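Residue numbers (our numbering): 4 to 624. A virtual CB, placed ideally from N, CA and C, is assigned to each residue, including glycine. Since the model is a prediction, treat every value here as computed from it, not as a measurement.
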Amino acid sequence: MCGIAGIIGENIENKESLITGMVDCIAHRGPDDDGFYTDDKVGLGMRRLSIIDLKSGQQPIESKDCSSLIFFNGEIYNYKSLKTELENKGYEFKTNSDTETILHLYEEEGEKMLARLRGMFAFCIYDKIESSLFIARDYFGIKPLYYFKKDGKIMAFASEIKSILLHPEYKREVNDEAVFNYLSFQYNPLKETMFKDIYKLNPGSFLKINLKSGEFKEEKYWSFEFAQDAKLDEEKSGQELLELLEDSVRHHMVSDVPVGSFLSGGVDSSIIATLMKKISDSNGNAKNNSTFTVGFKNLSEGNEARVTSDNLRTDHKEIIVSPEEYFEALPKIVWHFDEPVADPSAVGLYFLAREARKKVKVVLSGEGADELFGGYNIYLEPLSLSRFWMSLIPKFLVNLIFKPIVNLKFSFKGKNYLKRYFSKLEEWYIGNASIFKKGEIGKLWKGVQYEKFDLTDCYKKVANLSDSTKMQFIDINTWLVGDILAKADKMTMAHSLELRVPFLDIKIAEFASKLPDRMKFGRGITKYLLRQSVKGIVPEATRNRKKLGFPIPLRSWLTAERKGLYDKIISNSYIRKNMNVALIEKLIKEHTEGGNDNSRKIYLLLLLAIWHETFFSSEKV
Numbered sequence: 004m005c006g007i008a009g010i011i012g013e014n015i016e017n018k019e020s021l022i023t024g025m026v027d028c029i030a031h032r033g034p035d036d037d038g039f040y041t042d043d044k045v046g047l048g049m050r051r052l053s054i055i056d057l058k059s060g061q062q063p064i065e066s067k068d069c070s071s072l073i074f075f076n077g078e079i080y081n082y083k084s085l086k087t088e089l090e091n092k093g094y095e096f097k098t099n100s101d102t103e104t105i106l107h108l109y110e111e112e113g114e115k116m117l118a119r120l121r122g123m124f125a126f127c128i129y130d131k132i133e134s135s136l137f138i139a140r141d142y143f144g145i146k147p148l149y150y151f152k153k154d155g156k157i158m159a160f161a162s163e164i165k166s167i168l169l170h171p172e173y174k175r176e177v178n179d180e181a182v183f184n185y186l187s188f189q190y191n192p193l194k195e196t197m198f199k200d201i202y203k204l205n206p207g208s209f210l211k212i213n214l215k216s217g218e219f220k221e222e223k224y225w226s227f228e229f230a231q232d233a234k235l236d237e238e239k240s241g242q243e244l245l246e247l248l249e250d251s252v253r254h255h256m257v258s259d260v261p262v263g264s265f266l267s268g269g270v271d272s273s274i275i276a277t278l279m280k281k282i283s284d285s286n287g288n289a290k291n292n293s294t295f296t297v298g299f300k301n302l303s304e305g306n307e308a309r310v311t312s313d314n315l316r317t318d319h320k321e322i323i324v325s326p327e328e329y330f331e332a333l334p335k336i337v338w339h340f341d342e343p344v345a346d347p348s349a350v351g352l353y354f355l356a357r358e359a360r361k362k363v364k365v366v367l368s369g370e371g372a373d374e375l376f377g378g379y380n381i382y383l384e385p386l387s388l389s390r391f392w393m394s395l396i397p398k399f400l401v402n403l404i405f406k407p408i409v410n411l412k413f414s415f416k417g418k419n420y421l422k423r424y425f426s427k428l429e430e431w432y433i434g435n436a437s438i439f440k441k442g443e444i445g446k447l448w449k450g451v452q453y454e455k456f457d458l459t460d461c462y463k464k465v466a467n468l469s470d471s472t473k474m475q476f477i478d479i480n481t482w483l484v485g486d487i488l489a490k491a492d493k494m495t496m497a498h499s500l501e502l503r504v505p506f507l508d509i510k511i512a513e514f515a516s517k518l519p520d521r522m523k524f525g526r527g528i529t530k531y532l533l534r535q536s537v538k539g540i541v542p543e544a545t546r547n548r549k550k551l552g553f554p555i556p557l558r559s560w561l562t563a564e565r566k567g568l569y570d571k572i573i574s575n576s577y578i579r580k581n582m583n584v585a586l587i588e589k590l591i592k593e594h595t596e597g598g599n600d601n602s603r604k605i606y607l608l609l610l611l612a613i614w615h616e617t618f619f620s621s622e623k624v
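Below is the structure:
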């Protein structure tokens, strides 16, 4: 696990000091070691968090003839079997690391090798003979990778944007279109980041850069696709899923340092912790039986998590975050994110990672289960009985009575549900978060009214599937990488802690893609088959617990006494230039005095203000 960075070009002054600076500013990703390589064409570097092969896994790792080398961020969980296969073909290994396995596999198979990797990764292979760079990112985008493009050429790449900001050719400029979309999604869904000319390498994609001509291609090598099989047997599928989960957890526990797990009150993390305990006990390794939970003052999942930890007899640690700690940490958190992600739960994860790092270097977590197995409550909405009863009402009465109701200005219970009922899914569902609606943004945003991020192609790929499955597909391709995995990586790496996600194993993903709706949303229960597969293994109260999300008491914390936070929003130069300040002041007043819950909108704007102040008020990284 580490952070990587690279610069491309022959006429860059002080190349060695530049790549050193780029790597040093992401030292939090790897405090144990560093490594560099420079020549007339490139400058490459990394910071290492030592997890596997602590003594001999230093990077870069070179091929036997020194014609190629690799810098790698991530973990390859099947590297031992791949190594054996390559040794049988005559490859010699100098280390016991997964990094060297990737390099030799590339020598053997080229680009096709990506389909053989089971893990999370972002890496760069430099082929000196071919004079090319091969840069790839894992299937789901668990590990981040960004690049800077100018005049049609890639100038630099890195695990975090802040490294790229040091490049002498980069001139900081806000990407207004990305900010515009952030207002809706609570993260930036665009390929181009909120920093103009800096892009994300998409999940399941690679870059091939010709260093002689400067030409490059970006290509998709994998994407998630549903292949539902209506004939699947529930009992057999449940048993297969349990076996796959245990196998994935076992592979994700491969480490030369202690491994723990995050434990909330939900079923996903409880499954991971339970299987980890089983595997640790069978191996006689009690060091891997640490669990960690975070809660918030006056609101905590600690009780539920404690039930599971007591049942498993783990070494459990629970921390409680106060509102003062929460808001004080926001500038640091925004800096680590590079782009603001207005998911309040990210702050809890930041503190949880800090606590876990005191005891372990690696944690397993339950991210991805909701997206793959149908875990969000909103997925049940298209399947609800109320739709059936509505269908019995004559159409003319629906048009005469119900449709006009949803257009009324005042709010009432069930209004949003009715709105969604009378609209096509494609017209309103953009993922799990929708902060400012289209009409609201039109009033808030003063500049060019950009089109919202286009999900048309996503919807076309699942046009013949149910609305619930369409929601899943949208979330897998947007929300999962833009929010869930972004906060998982950035908040844990802020404290030099490696987070692993066994549910997003490629074998589990392939299995999940085949599940029919009845095995995901059966009997009106989210993650139906997943819950059934662990019956008798996870406590019943936990197995049947409804998803509550990750509740944070923002509404009660954002009181009138937080005037300093509101002033930070109102006074920010970017917000004043591009947004209707009077409307923002109204949102704040309605929230603090009128009883309206505008906490998520205020929080989103607060993070934007902090982000702009952090990265644009000075030239400091």
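Cα-Cα separation, residue 547 to residue 167: The C-alpha of residue 167 is placed about 46 angstroms away from the C-alpha of residue 547.
Beta-carbon spacing of residue 326, residue 300 below 8 angstroms: With a cutoff of 8 angstroms on beta-carbon distance, residue 326 and residue 300 are scored as near each other.
Cβ shell of residue 615 (< 8 angstroms), same chain only, five flanking positions each side left out: Excluding positions up to five away in sequence, the list reads 177, 575, 576, 577, 578.
Beta carbon of residue 2 nearer than 8 angstroms to that of residue 187: The shown model of the chain, from 4 to 624, leaves out residue 2, and the question about it has no answer.
From 359, 545, 489, residue whose alpha carbon lies closest to that of residue 1: A question about residue 1 goes unanswered here, because the residues of the chain that appear run from 4 up to 624.
Cut-off 7 angstroms between Cβ atoms - residues of its own chain near residue 531, not counting five sequence neighbours on either side: Here the set comprises 522, 523, 524, 525.
C-alpha gap between residue 535 and residue 241, whole angstroms: Distance from the CA atom of residue 535 to the CA atom of residue 241, rounded to whole angstroms, is 7 angstroms.
Residue 80 (DSSP reduced to helix, strand or coil): Coil at residue 80, not helix or strand.
Complete beta strand (DSSP E) runs within the segment 590-620 (minimum length 3 residues, chain order): If only uninterrupted beta strand (DSSP E) runs of at least 3 residues are considered, none is enclosed by the segment 590-620.
Segment limits, beta strand (DSSP E) that includes residue 465: Premise fails: residue 465 is in no beta strand (DSSP E) and is neither H nor E.
Integer-rounded CB distance, given that residue 374 should sit under 8 angstroms from residue 479: So it is a contact: roughly 5 angstroms between Cβ atoms.
Top-ranked residue by Cα proximity to residue 7, from 61, 16, 55: For the residues 61, 16, 55, the minimum Cα distance to residue 7 belongs to 61.
Where residue 641 sits in the DSSP three-state scheme: The question about residue 641 has no answer, for the chain in this structure spans 4 to 624.
Environment of residue 347 [buried if 16+ CB atoms lie within 10 Å]: Residue 347 is buried by the Cβ-count criterion.
Alpha helix (DSSP H) runs wholly inside the segment 326-350, at least 4 long, in chain order: You should have 326-331, 333-340.
Buried versus exposed, by CB contacts within 10 Å (16 or more), residue 399: Counting other Cβ atoms within 10 Å of its Cβ, residue 399 stays below 16 and is therefore classed as exposed.
As assigned by DSSP and simplified to three states, the class of residue 115: Looking at residue 115 - three-state DSSP - the assignment turns out to be helix.
Cα-Cα separation between residue 34 and residue 464, rounded to whole angstroms: The alpha-carbon atoms of residue 34 and residue 464 are separated by roughly 43 angstroms.
Whole runs of the beta strand (DSSP E) within the segment 491-563, excluding any shorter than 3 residues: Under the rule that a run must span 3 or more residues, the beta strand (DSSP E) segments found entirely inside the segment 491-563 read 501-503.
Any chain C beta carbon closer than 8 angstroms to residue 282: This model lacks chain C altogether, as it is built from one protein chain only.
Residue 243 (DSSP reduced to helix, strand or coil): In the structure shown, residue 243 sits in a helix (DSSP, three-state: H, G or I).
Contact under 8 angstroms by Cβ, residue 533 with residue 376: Cβ atoms of residue 533 and residue 376: closer than 8 angstroms.
Which residues DSSP lists as bridging residue 63, in chain order: Beta-bridge pairing links residue 63 to no other residue.
Rounded separation between residue 275 and residue 252 - CA only: Whole-angstrom Cα-Cα distance: 7 angstroms.
Residue 223, buried or exposed, once every other Cβ within 10 Å from all chains shown has been counted against 16: Exposed, by the Cβ-count rule.
Extent of the continuous alpha helix (DSSP H) run through residue 270: Its alpha helix (DSSP H) spans residues 270-286.
Residue nearest to residue 385 in terms of C-alpha spacing, selected from 356, 423, 366: If you compare the alpha carbons of 356, 423, 366 with that of residue 385, the shortest gap goes to 423.
Status (buried if at least 16 other CB within 10 Å, exposed otherwise) for residue 316: Burial call: exposed.
Distance, residue 202 Cα to residue 194 Cα: So the two alpha carbons sit approximately 6 angstroms from each other.
Burial state of residue 127, where buried means 16 or more other Cβ atoms lie within 10 Å: Looking at its Cβ environment, which holds 16 or more other Cβ atoms inside 10 Å, residue 127 is buried.
C-beta atoms of residue 369 and residue 555 nearer than 8 angstroms: No. Outside cutoff.
First and last residue of the uninterrupted alpha helix (DSSP H) at residue 149: That residue, residue 149, is in no alpha helix (DSSP H); its beta strand (DSSP E) goes 149-153.
Strand pairing of residue 129, partner residues [DSSP]: Residue 129 is bridged to 72, 136.
Nearest-angstrom Cα separation, counted from residue 322 out to residue 367: The straight-line gap from Cα to Cα measures roughly 18 angstroms.
Residue 625 to residue 92 span [Cα, whole Å]: No information on residue 625 is available, as it lies outside the stretch 4 to 624 that the chain covers here.
Residue 191 burial status per 10 Å Cβ neighbour count (16 or more: buried): Buried, because 16 or more other Cβ atoms sit within 10 Å of the Cβ of residue 191.
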